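Asks:
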Amino acid sequence: MVIPKKDTEYLRTPATVMTEMSDLLQKETPLNVYNKLTLKHDELSGPTSRRQVHDKKYRDKKNQRKNDCGQYMSRGNIADHINEIDKKLSEQDSIVKSIIRDHGKAPCLIMYTEQQLEDIKTLCCSGQSIVGIDKTFNLCDMHVTALCFKQTAVNMESTSEHPIFLGPVFIHDNSDFECFTNFFNHLKVKLRGIDTSKLVFGTDEEVGLINAVKEAFPQSRTILCTRHLRQNAKQKLIDDAVNKKDRDVILDSIFGNSGLLTADDVICFEAKSDEISKKTMESTNTFNRYFENRLKNNIQQLWETDLPEGHFDKPWTNNNSESLNHVLKRSIAWESKPLLDLVQIIEDAIKTQYKDLLRSIVSTGQYRLASTHQHFTISKTIWINKTSEERQRLFNRFRRFVPKDNKVSISSDGKMTVIKPRSLGKKIGQRKRKINERTTSFKRTKTSSEP
1 MVIPKKDTEY
11 LRTPATVMTE
21 MSDLLQKETP
31 LNVYNKLTLK
41 HDELSGPTSR
51 RQVHDKKYRD
61 KKNQRKNDCG
71 QYMSRGNIAD
81 HINEIDKKLS
91 EQDSIVKSII
101 RDHGKAPCLI
111 MYTEQQLEDI
121 KTLCCSGQSI
131 VGIDKTFNLC
141 DMHVTALCFK
151 QTAVNMESTS
161 EHPIFLGPVF
171 IHDNSDFECF
181 TNFFNHLKVK
191 LRGIDTSKLV
201 FGTDEEVGLI
211 NAVKEAFPQS
221 RTILCTRHLR
231 QNAKQKLIDD
241 AVNKKDRDVI
251 LDSIFGNSGL
261 LTADDVICFE
271 AKSDEISKKT
281 MESTNTFNRY
291 FENRLKNNIQ
301 QLWETDLPEG
311 HFDKPWTNNN
321 SESLNHVLKR
331 SIAWESKPLL
341 DLVQIIEDAI
351 KTQYKDLLRS
361 IVSTGQYRLA
371 STHQHFTISK
381 TIWINKTSEE
391 RQRLFNRFRR
401 FVPKDNKVSI
411 SSDGKMTVIK
421 PRSLGKKIGQ
431 RKRKINERTT
441 SFKRTKTSSE
451 P
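Residue numbers (the UniProt record's numbering): 1 to 451.
(1) Ala146 by DSSP, collapsed to three states: which one?
(2) Can you find a C-beta in chain B that's less than 8 Å from the C-beta of Thr159?
(3) Taking buried to mean at least 16 other C-beta atoms within 10 Å of its own C-beta, is Cys124 buried or exposed?
(4) Leaving aside the five residues before and after Glu161 along the sequence, list all residues of the same chain whose C-beta is less than 7 Å from its C-beta, in chain order.
(5) Between which two residues does the alpha helix (DSSP H) holding His186 run?
(6) Between Leu31 and Val242, what straight-line distance do the alpha-carbon atoms span, to the nearest angstrom?
(7) For His186, which residues from the same chain have a beta carbon less than 7 Å from its beta carbon, with the 5 sequence-adjacent residues on both sides left out?
(8) Ignore the nearest five residues each way along the sequence and tell me which others in Asp240's own chain have a CB closer than 7 Å to its CB.
(9) Sort Ala216, Ser321, Ala263, Ala233 by Cα distance to Ile250 and report the nearest one.
(10) Can you tell me the Cβ-Cβ gap for Leu147 and Gly132, rounded? I've got them flagged as a contact below 8 Å.
(11) Buried or exposed: where does Ala79 fall if 16 or more other Cβ atoms within 10 Å of its Cβ makes it buried?
(12) Would you mind reading off the limits of the alpha helix (DSSP H) that contains Pro30?
(13) Output yes or no for whether 8 Å exceeds the beta carbon distance between Ile345 and Leu394.
(14) Residues in the same chain with beta-carbon distance under 7 Å from Ala212, minus the five sequence neighbours each way, listed in chain order, please.
(15) Excluding the five sequence neighbours on either side, which residues of its own chain have a C-beta within less than 8 Å of the C-beta of Val17, listed in chain order?
(16) In angstroms, rounded to a whole number, what distance separates the CA positions of Leu199 and Ile223?
(17) Starting from Ile130, follow the beta strand (DSSP E) in both directions and report where the run begins and ends.
(18) Hey, could you find the ends of the alpha helix (DSSP H) Arg330 is sitting in?
(19) For Val266, count the other beta carbons within 10 Å of its own beta carbon; 16 or more makes it buried, fewer makes it exposed. Which is it?
(20) So what's Phe201 in DSSP terms, helix, strand or just coil?
(21) Report buried or exposed for Phe170, applying the criterion of at least 16 other Cβ atoms within 10 angstroms of its Cβ.
(22) Helix, strand or coil: how does DSSP classify Thr226 here?
(23) Indicate whether Phe165 and Gln353 have their beta-carbon atoms separated by less than 8 Å.
(24) What do you reckon, are the CB atoms on Phe255 and Arg230 nearer than 8 Å?
(25) What separation, rounded to the nearest whole angstrom, lies between the Cα atoms of Thr113 and Asp86?
(26) With DSSP run on the structure shown, which of helix, strand or coil describes His386?
(27) Just to check my reading of the structure: Thr226 and Trp316 have Cβ atoms closer than 8 Å, yes? What is that Cβ distance to the nearest angstrom?
(28) Going by C-alpha distance, which of Asp102, His103, Thr305 is nearest Ser220?
(29) Starting from His81, trace the alpha helix (DSSP H) both ways and give me its first and last residue.
(30) When you compare each of Pro338, Asn396, Lys296 to Leu357 by their alpha carbons, which one comes out closest?
(31) Mapping DSSP to helix, strand and coil, what is Asp173?
(32) Would you call Arg399 buried or exposed, if buried means 16 or more other Cβ atoms sit within 10 Å of its Cβ?
(33) Which residue marks the beginning of the beta strand (DSSP E) containing Lys404, and which one marks its end?
(34) Use the C-beta contact count for Lys121: other C-beta atoms within 10 angstroms, 16 or more gives buried, fewer gives exposed.
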């Protein structure tokens, strides 16, 4: 039904009031802006209606997008968004690398930069960082699956810990094996020729995602988040109406300090598994079946996974991905964004983290060089006197530098890697060099024999 316009005299709102309205709309809701301006101005100079304030907010945003992009963008529906994003594929520095359109499914986006791929090759394929994977909700009208890793070349100035960097991002609607395979097979092609035997992926119990990772990277290892395993087990026990006391006992016997997850050997693992199975059989048959058919196998796989020493905690949790999800939700002010806006927000986040990484070389920004990369530090004066090409070459050397692992020894042909002996053949407590250390024995005293 079309409501006819009122036959009233048109009165233009003063330009000063419209300017004040634009300033207030940047910080407050249209309703609050309407209330403030109505109380502040007289009957003829204030806003005519709430609709006027909402229209003003819409036009301001539209003009802002035109100023940012140089042209108006059609944003009527998801098809308009995909149409505008498709134009980014032709841009050289765009993070949008692929748009996947399968029959009967919503389009999927694969986004990353070449710097992110190089960091995965340098840090993750060398075993310095786990690639965390987690699917995030409520960022837009589609799901967002983001990879993350720890940037071990720098430390946070505030906490002295390695920062978490955002990796390649996959925006999708379906969450099945076929959908995730498109994403990881794309990354597999980009990592062609790279040894992925030290690559470790960490995620939750998303079956389609795990199978897609194993399909694309069969030489890599997959580790499950113990926090997610515990939460899922706890929810199963709650659904089975197990009381809190028995629930805590069962969870502690699986995930506690002396539980199944920390078993010393195979014999202890089987013994504890049998004990848990008997205990759960008395409380709930449903959880017992869940433990025998799924949870036990997941924990056994987690328990048997061999992780490189010194880089990863065991048992492992996917806290890095959860922390990154929190950062993304803060960047969108905790409200779902249109797809086109979300792509721009993710692009800004990726470029900002590498701008801060570049600034760490001259000891500015929120990052500081780690002890293994201190030799890349230069003064601001030297940096200013360098050309753009010299700065980029220095930054590339900095990101591709892999510190030597003092715990291992690599053969001359690069085919054999062994752990260095820790004792070096010395006695316990020996401080002298081996060439100066003499083995001594106590002199035996002669005993006089009595006649």
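Backbone N, C-alpha and C define an ideal beta-carbon position, used for all residues, glycine too. From a predicted model like this one, the values you see are computed outputs, not experimental measurements.
Replies: Reading it off the structure:
(1) Within the sequence shown, numbered from 1, the residue matching residue 146 stands at position 146. It is a strand residue.
(2) This model lacks chain B altogether, as it is built from one protein chain only.
(3) On the sequence shown, residue 124 is found 124 positions in, with the first residue counted as 1. Its Cβ being crowded by 16 or more others within 10 Å, Cys124 is buried.
(4) Taking the sequence shown and counting its residues from 1, one reaches residue 161 at position 161. If we look at Glu161 and ignore the five residues flanking it on each side, its Cβ neighbours are Asn155.
(5) To locate residue 186, count along the sequence shown from 1; it is residue 186. Per DSSP, His186 belongs to the alpha helix (DSSP H) from 177-190.
(6) Against the sequence shown, residue 31 aligns to sequence position 31. Against the sequence shown, residue 242 aligns to sequence position 242. Rounded to the nearest angstrom, the two C-alpha atoms are 48 Å apart.
(7) For this step, residue 186 is matched to residue 186 along the sequence shown. Correct list, in chain order: Ser98, Ile110.
(8) On the sequence shown, position 240 is the one that residue 240 refers to. If we look at Asp240 and ignore the five residues flanking it on each side, its Cβ neighbours are Thr284, Thr286, Phe287.
(9) Indexing the sequence shown from 1 puts residue 250 at position 250. Of the listed residues, the one whose Cα sits closest to Ile250 is Ala233.
(10) The sequence position of residue 147 within the sequence shown is 147, counting from 1. The sequence position of residue 132 within the sequence shown is 132, counting from 1. With 8 Å as the limit, Leu147 and Gly132 qualify as a contact, their Cβ atoms being about 7 Å apart.
(11) Here residue 79 refers to the residue found at position 79 when the sequence shown is read from its first residue. Only exposed fits Ala79, as fewer than 16 other CB atoms lie within 10 angstroms of its CB.
(12) Within the sequence shown, numbered from 1, the residue matching residue 30 stands at position 30. Counting along the chain, the alpha helix (DSSP H) containing Pro30 begins and ends at 30-40.
(13) For this step, residue 345 is matched to residue 345 along the sequence shown. For this step, residue 394 is matched to residue 394 along the sequence shown. In this structure, Ile345 lies away from Leu394, with their beta-carbon atoms at least 8 Å apart.
(14) Mapped onto the sequence shown, residue 212 falls at position 212. Same-chain partners within the cutoff: Phe177, Phe180, Thr181, Phe184.
(15) As a working note, residue 17 is residue 17 in the sequence shown. For Val17, where only same-chain residues beyond five positions count, the Cβ hits under 8 Å are Leu37, His41, Ser45, Gly46, Pro47.
(16) Counted from its first residue, the sequence shown places residue 199 at position 199. Counted from its first residue, the sequence shown places residue 223 at position 223. Leu199 and Ile223 have their C-alpha atoms roughly 11 Å apart.
(17) As a first step, residue 130 must be located in the sequence shown, where it is residue number 130. Note, Ile130: premise wrong, no beta strand (DSSP E); not H, not E.
(18) Residue mapping note: residue 330 aligns to position 330 of the sequence shown, counting from 1. Start and end: 319-331.
(19) Working through the sequence shown from its first residue, we reach residue 266 at position 266. Flag for Val266 reads exposed.
(20) Taking the sequence shown and counting its residues from 1, the one referred to as residue 201 is at position 201. Reduced to three states, the DSSP call for Phe201 is strand.
(21) Taking the sequence shown and counting its residues from 1, one reaches residue 170 at position 170. Under this definition Phe170 is a buried residue.
(22) What you label residue 226 is simply residue 226 of the sequence shown in a count that begins at 1. Taken through DSSP and simplified to helix, strand or coil, Thr226 comes out as helix.
(23) For the purposes of this step, residue 165 is taken as the residue at position 165 of the sequence shown. For the purposes of this step, residue 353 is taken as the residue at position 353 of the sequence shown. In contact: Phe165 and Gln353 (Cβ atoms closer than 8 Å).
(24) Numbered from 1 along the sequence shown, position 255 holds the residue referred to as residue 255. Numbered from 1 along the sequence shown, position 230 holds the residue referred to as residue 230. For the pair Phe255 and Arg230, the CB atoms are nearer than the 8 Å cut-off.
(25) In the sequence shown, the residue the question calls residue 113 occupies position 113. In the sequence shown, the residue the question calls residue 86 occupies position 86. One C-alpha to the other measures close to 17 Å.
(26) Position 386 of the sequence shown, counted from the first residue, corresponds to residue 386. The sequence given here has Lys at residue 386, not His. Looking at Lys386 - three-state DSSP - the assignment turns out to be coil, as it is neither helix nor strand.
(27) What you label residue 226 is simply residue 226 of the sequence shown in a count that begins at 1. What you label residue 316 is simply residue 316 of the sequence shown in a count that begins at 1. The Cβ separation is near 7 Å, so the contact holds.
(28) In the sequence shown, residue 220 corresponds to position 220, counting from 1. It is Thr305 whose Cα lies nearest to the Cα of Ser220.
(29) Start at 1 with the first residue of the sequence shown, and residue 81 comes out as number 81. Per DSSP, His81 belongs to the alpha helix (DSSP H) from 78-88.
(30) The residue you call residue 357 lines up with position 357 of the sequence shown. Measuring from the Cα of Leu357, the nearest candidate turns out to be Asn396.
(31) As a working mapping, residue 173 is identified with position 173 in the sequence shown. Reduced to three states, the DSSP call for Asp173 is coil.
(32) Counted from its first residue, the sequence shown places residue 399 at position 399. Burial call: buried.
(33) As a working note, residue 404 is residue 404 in the sequence shown. Where Lys404 is concerned, there is no enclosing beta strand (DSSP E), because DSSP gives it neither an H nor an E.
(34) On the sequence shown, residue 121 is found 121 positions in, with the first residue counted as 1. Classification for Lys121: buried.
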